[in-house]
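Participant: Chains as they are written, first to last, in the numbering used here: chain A, 17 to 433; chain B, 17 to 433; chain C, 165 to 311; chain D, 165 to 311.
Just so it is clear, CB atoms sit at the ideal spot from N, CA and C, and this is done for glycine as well.
This structure is a prediction, so every number in the text was calculated from the model and none was measured.
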Amino acid sequence: MITMATKEDQSSATLDVNAIRHDFPILSGSTVPIYLDNAATTLKPASVISAINKYYEEYSANVHRSIYALGEKATKAYEDAREKTARFINAPDSSHIIFTSGTTEAINLVAYAWGRYNLKPGDEILITEMEHHSNIIPWQLVARDTGATLRYIPITENGSLDLSNIDELLNPKTKIVAMIHQSNVFGTLNPVAQLIAKAKDIGALTLVDAAQSVPHLPVDVAALDCDFFAFSGHKMLGPTGIGVLYARLELQEAMEPFQGGGEMIQQVTMDSSTWNDVPWKFEAGTPNIAQAIGLGAAMEYITSKDRTLLIQYEKRLTNYAIKSLQDITGMTIYGDSDPRGPVISFNVDGIHPHDLAQVLDQHNVAVRAGHHCAQPIMNRLGITATTRASFFFYNTSKEIDSLCESIEDARKFMGLK
Amino acid sequence: MITMATKEDQSSATLDVNAIRHDFPILSGSTVPIYLDNAATTLKPASVISAINKYYEEYSANVHRSIYALGEKATKAYEDAREKTARFINAPDSSHIIFTSGTTEAINLVAYAWGRYNLKPGDEILITEMEHHSNIIPWQLVARDTGATLRYIPITENGSLDLSNIDELLNPKTKIVAMIHQSNVFGTLNPVAQLIAKAKDIGALTLVDAAQSVPHLPVDVAALDCDFFAFSGHKMLGPTGIGVLYARLELQEAMEPFQGGGEMIQQVTMDSSTWNDVPWKFEAGTPNIAQAIGLGAAMEYITSKDRTLLIQYEKRLTNYAIKSLQDITGMTIYGDSDPRGPVISFNVDGIHPHDLAQVLDQHNVAVRAGHHCAQPIMNRLGITATTRASFFFYNTSKEIDSLCESIEDARKFMGLK
Amino acid sequence: MDDLRELYQELILDHNQNPHNYGEMDDPTATADGFNPLCGDRLTLYLRMSDEVVEDIKFVGSGCAISKASASIMTTLLKGKTRKEAITLFEMFHKMVTTGELPEGDLGKLAVLSGVYKYPARVKCAVLAWHTSKNALEGKESVAKTE
Amino acid sequence: MDDLRELYQELILDHNQNPHNYGEMDDPTATADGFNPLCGDRLTLYLRMSDEVVEDIKFVGSGCAISKASASIMTTLLKGKTRKEAITLFEMFHKMVTTGELPEGDLGKLAVLSGVYKYPARVKCAVLAWHTSKNALEGKESVAKTE
Ligand SMILES: Cc1ncc(COP(=O)(O)O)c(C=O)c1O
Ligand SMILES: Cc1ncc(COP(=O)(O)O)c(C=O)c1O
Ligand code: FES
Ligand code: FES
């Protein structure tokens, strides 16, 4: 395995992983974690941390409506982050970008501000069995409250969408199709472009949960032609507490506001109020200023690299991990789709995933054990949990070797033969 | 004026303002702003910034459900922030504390998760004419959607609540009384304890918008005996993107969830789901981890000082500012209540507030001009805007002198006699 | 303060204190309302067209020195212009206050507002009256907002 | 790894691989379900009381080594105890796994779980079976959750 690792490291010489690792303070500390839980949240490069610091140390003013220099600087930085976001996902312009506190709030915004005012009994909401809870519960709640019906595109045993019945599932009653772009359990990259086209044909809206795809792939919302597109900053090298909802302008105009408060209004009287222009209509209260600025810095960091190299590198890393894991006795890997993202869920016979994660932690290897906020997938597979290793371009094949060696040790430790 | 300033500075010698100013990086930079817009957002001490950095540089893992050391450290830090918050406002325990992205989200949470499921035509929501838009719009929206009626406690010309008609306004139809603790326009500290007691008598719930009070006063939610209590981190030396909703446990249990997603669930099936224990039931998705930790550090910073001294100091500063401003020709100060907080709204005859703020900015003095997200107050006063200066304990009487001198200069600059 | 004097030129202060064509009009052929959501200031514009020519133009409203002076100077400039000339002037002015470029054509006294582009928060003040008069010229009903 | 061996003592691994009293019961006087929301693991507990004494006790379910071993050892300990003794044992055990304090009384083999308190995320694993049997002993209907 050590030979392979060396070979891997050489063939990836074009991406200077060591240089990249130097950009991440946590990877230059005294005890460097083998951090393989990137699908949960990623590490942060120094440039992101310092963009946040700069705001707090040099111009920590509130945005909009400030007439003084500090406030104008903060406003410009905040709105620049919106521009960067628009460019990052190829939105036509920054008015398509609503800042939220995360993917979860982005999806809830749609469920509240569009769903509650547009769905009625008989209408259908179509999601998939592969969704993260954040793209299930908002729809369960809105279905319960509006009388609409929530339906699911089933998945196959090996972690792909089962589209055999799609023409019945996606029908004239379907008002919105909300689907995960890249699975946080299987890694599956779903054929969302195809489903969006199909949904458009029958006049249904579309929402893409891109929390796992945006960090790893260049995305193009204009080409996808979806109506809504949601993702989180903290999963793509950015701060916690910031997310993005891309929403088509006509929909933003037509939608009710979500939260009420400062910033989102134009005029308030005691009787009634009018709303600010989009996208600010959907940003009530003091926004997540430092966080938006940090997210902008994260996008800059990613675009400063050759993305093709990053993708190749993560792909090679993932393939190497799959291959190495498969050599372990009692190993089951869930999902075998291609194309896929850098996330692998697995179980080892005779070791509960939580025990495995516990032993790996002792080896300084951080992986996730659990249902990964996707209980319907667990139910489908007839298990309660998996262990999940997920990578980012700062990970190395040596770290994957450590993962595998630790799993072997865990088997011994737990008394398995 | 300079003599007075010196006197002031001496009499406040017990609070070492210079030492405090050293704790704030922005006040030790090359160009130090005269920052008098603290009611909009405050500056940040180094300890808050470094608490955030520490999370990003040393243990930037996701919280809850992590079996590895980094994740446990993050979870502990996040939950410790909840404990600190409970102590800071004297909540019985940390389960009363729901983290939100700000005051605005905290109030919207109540309007959505309680209001939409409990209000019906004929019910009344009682707020005041003095509210911030964040405590108006959520209720306008919920009133519109449920058929409940929104009523207002009027205010007097000089910025106090007019309680002459309170027994009619607060009546058995009233289901909730939502009121601002300390006015962000007038500085008025409202008699919320008295109104809470009155509301309790007739069985109405109570919500206190404490965005402006918590940064300046020790508050005691147990003594106030309110049902909900909301405030923001960024207005009390903490990060943007974090706020707090204190909510009584029985209400948390009885309420519907607000947003749906990860963390807030217990069990999810494709048909239906059950909710996590409170308060996590109301925290959907990856929380604002770094921000909660930063807020905890802000609370620690404040409690590390002698709060009586801080309050005395801010009071003296405010009195000094009122006295100094009153000497300026054409000055109108809005509101004259006692007790009051360190915020003063005013206008100078012949200068539009935005022009004034612009000239003050040239003098490096940052104040706010506008409606301060309180248009009903502006309507009541028959104006469109005021200039507002608001202080924090790092401000000095010298800075107030600069404010007043700059206003005098502005008058000259604008050609006034 | 020198910087700021570039924004608040003496001529602006004069127009602010003594705005031209300030007041209501009895017999307008068109009126329009303008609103600057950033500050809450409002302005009503009265227009009397005769054929395609601005015969008279007046305004009332609240606003800062920039917006009042801009409105005042605008009215003096637009009087006597054709509808088409007025719209062209709007476009030149708009370009000037957003980019700082002094346009080729004749912007006359309006050039005193060329410093505004350095103050993004104040651009809306300068264009408020112009947006409103454009609406009045084009017969639009809705309240003009500063973009 | 030495640290971890304190958590996963050999006895725990033995009980995990060969849990005692694992299986369903035909004639329970009480049953209860337990659920650990942190991981989704579930456990069903069967109890047969005779007078006030635990005559038989069994369990089935999914779970990690800690939870299985804890359930297994618990069943061996509770058999023959009175309801009151069982509840007292629950309290002693609960204190031990949350504080690390070895209680005065006789906790017998359960002391092998005394290392759990150092792993807050795993405390729920250790107490799952205990909460469930407490519910069964007290005749509570609802699903026992680990606090
Ligand atoms: C009294 C009051 N309530 C609510 C808010 C809204 O707070 P935030 O913008 O942090 O949500 C503010 C501040 O803007 C305020 O002053
Ligand atoms: C696919 C997917 N959707 C949504 C989410 C929720 O994102 P957040 O917790 O940042 O709101 C996640 C991550 O937890 C995810 O992986
Ligand atoms: S500030 Fe209102 S128009 Fe200029
Ligand atoms: S991990 Fe589920 S009970 Fe221990």
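Using the beta-carbon of each residue, which ones in chain A are nearer than 9 angstroms to Pro192(C)?
Facilitator: Those within 9 angstroms of Pro192(C) in chain A number zero; the least Cβ separation is about 25 angstroms.
Participant: Tell me Ile349(A)'s beta-bridge partners as DSSP assigns them.
Facilitator: The partner list for Ile349(A) (beta bridge, DSSP) reads Phe362(A).
Participant: Using a C-beta to C-beta distance shorter than 7 angstroms, which residues of chain C count as neighbours of Gln282(A)?
Facilitator: Under the 7 angstroms cutoff, chain C gives Pro201.
Participant: Following a CB-centred definition, is Thr296(C) positioned closer than 7 angstroms to any heavy atom of ligand 1?
Facilitator: No.
Participant: For Ser28(B), does the count of other Cβ atoms within 10 angstroms reach 16, so buried, or fall short, so exposed?
Facilitator: Any reading at Ser28(B) needs caution, since the residue's pLDDT is 45, under 50, leaving its predicted position unreliable; the model's value is listed next. Per the 10 Å Cβ criterion, buried.
Participant: Any heavy atom of ligand 3 within a distance shorter than 7 angstroms of the CB on Asn38(A)?
Facilitator: The question names Asn, yet the displayed sequence has His at residue 38(A). No, the beta carbon of His38(A) sits no closer than 7 angstroms to any heavy atom of ligand 3.
Participant: Just the Cα atoms here: how many angstroms apart are Asp178(C) and Ala233(C)?
Facilitator: Roughly 8 angstroms between the two C-alpha positions.
Participant: Any beta carbon of chain B sitting closer than 8 angstroms to that of Leu152(C)?
Facilitator: There is no way to answer for residue 152(C), as the model of chain C reaches only from 165 to 311.
Participant: Could you have a look at Met195(A) and say whether DSSP puts it in helix, strand or coil?
Facilitator: Strand at Met195(A).
Participant: Might you give, ordered along the chain, the residues of its own chain that have their beta carbon closer than 8 angstroms to the beta carbon of Gln26(A), omitting 5 neighbours on each side?
Facilitator: Confidence in Gln26(A) is poor, its pLDDT being 45 and thus under 50, which makes the residue's placement unreliable; the coordinate value appears in the next sentence. Closer than 8 angstroms at the Cβ level, and outside the excluded window around Gln26(A), lies no residue.
Participant: Please list, in chain order, the chain B residues whose beta carbon lies closer than 7 angstroms to that of Ser226(C).
Facilitator: Here the neighbours are Thr400.
Participant: From Cys289(C), Ala229(C), Ile221(C), Gly187(C), pick the residue whose C-alpha is nearest to that of Gly431(B); which is it?
Facilitator: If we check each option's Cα against that of Gly431(B), Ala229(C) comes out closest.
Participant: May I have the straight-line CA-CA distance separating Leu207(C) from Phe199(C), to the nearest angstrom?
Facilitator: C-alpha separation (whole angstroms): 7 angstroms.
Participant: How many Å lie between Pro493(B) and Met315(B) at the Cα?
Facilitator: What is shown of chain B runs 17 to 433, which leaves residue 493(B) out entirely.
Participant: Quick one: does Ile83(A) have its CB under 8 angstroms from some CB of chain C?
Facilitator: True, the Cβ-Cβ gap to chain C drops below 8 angstroms.
Participant: Taking 7 angstroms as the cut-off, is the beta-carbon of Gln228(A) closer than that to any non-hydrogen atom of ligand 2?
Facilitator: Checking the Cβ of Gln228(A) against ligand 2 gives yes.
Participant: By alpha-carbon positions, which one of Asp425(B), His387(B), Phe408(B), Cys420(B) ends up nearest to Val201(B)?
Facilitator: Nearest option by C-alpha distance: His387(B).
Participant: Considering only heavy atoms of ligand 3, does any lie closer than 7 angstroms to the CB of Ser231(C)?
Facilitator: It does: the Cβ of Ser231(C) is within 7 angstroms (strictly closer) of some heavy atom of ligand 3.
Participant: Taking 7 angstroms as the cut-off, is the C-beta of His250(A) nearer than that to any heavy atom in ligand 2?
Facilitator: Flag set: Cβ of His250(A) near ligand 2.
Participant: Cα separation between Asp371(B) and Tyr51(B)?
Facilitator: Each residue's Cα considered, the two are about 18 angstroms apart.
Participant: Could you tell me which chain E residues have their CB closer than 7 angstroms to the CB of Asn106(B), listed as they occur along the chain?
Facilitator: As a matter of chain content, chain E is missing from the structure shown, whose protein chains are A, B, C and D.
Participant: What residue from Gly219(B), Thr58(B), Ile83(B), Val208(B) has the CA that sits closest to Leu240(B)'s CA?
Facilitator: Checking every option, the nearest Cα to that of Leu240(B) belongs to Val208(B).
Participant: How about Gln181(D): is its C-beta nearer than 8 angstroms to some C-beta of chain A?
Facilitator: Closer than 8 angstroms: yes.
Participant: Can you list, in chain order, the residues of its chain with a C-beta nearer than 7 angstroms to that of Met189(D)? Leave out the 5 residues immediately preceding and following it.
Facilitator: The answer, listed in chain order, is Tyr210, Arg212, Asp220, Lys222.
Participant: Keeping to the same chain, check which residues put their C-beta closer than 7 angstroms to that of Val294(A); ignore five residues upstream and five downstream.
Facilitator: Around Val294(A): Ser111, Leu265, Gln268, Glu269.
Participant: Using the three-state DSSP reduction, which class does Lys313(D) fall into: helix, strand or coil?
Facilitator: There is simply no residue 313(D) to check, as chain D begins at 165 and stops at 311 in what is shown.
Participant: Rounding to the nearest angstrom, what Cα-Cα distance links Leu31(A) and Ile182(A) in this structure?
Facilitator: Rounded to the nearest angstrom, the two C-alpha atoms are 41 angstroms apart.
Participant: Once DSSP output is grouped into helix, strand and coil, what is the label at Gln156(A)?
Facilitator: Correct three-state label for Gln156(A): helix.
Participant: How would you write the range of the beta strand (DSSP E) that Leu211(D) sits in, first residue to last?
Facilitator: Where Leu211(D) is concerned, the enclosing beta strand (DSSP E) stretches over 205–214.
Participant: Based on the DSSP secondary-structure assignment, which residues constitute the bridge partners of Asn200(D)?
Facilitator: Paired residue(s): Asp205(D).
Participant: Going by C-alpha to C-alpha distance, which of Asn151(B), Lys189(B), Leu326(B), Ser117(B) sits closest to Ile36(B)?
Facilitator: Answer by Cα proximity: Leu326(B).
Participant: Return yes when the C-beta of His368(B) is under 7 angstroms from any heavy atom of ligand 3, and no when it is not.
Facilitator: For ligand 3, at least one heavy atom lies less than 7 angstroms from the Cβ of His368(B).
Participant: Taking 7 angstroms as the line, does the beta carbon of Asn292(B) fall inside it for any heavy atom of ligand 4?
Facilitator: Checking the Cβ of Asn292(B) against ligand 4 gives no.
Participant: At a Cβ threshold of 8 angstroms, is Asp53(A) touching chain D?
Facilitator: So, not an interface residue.
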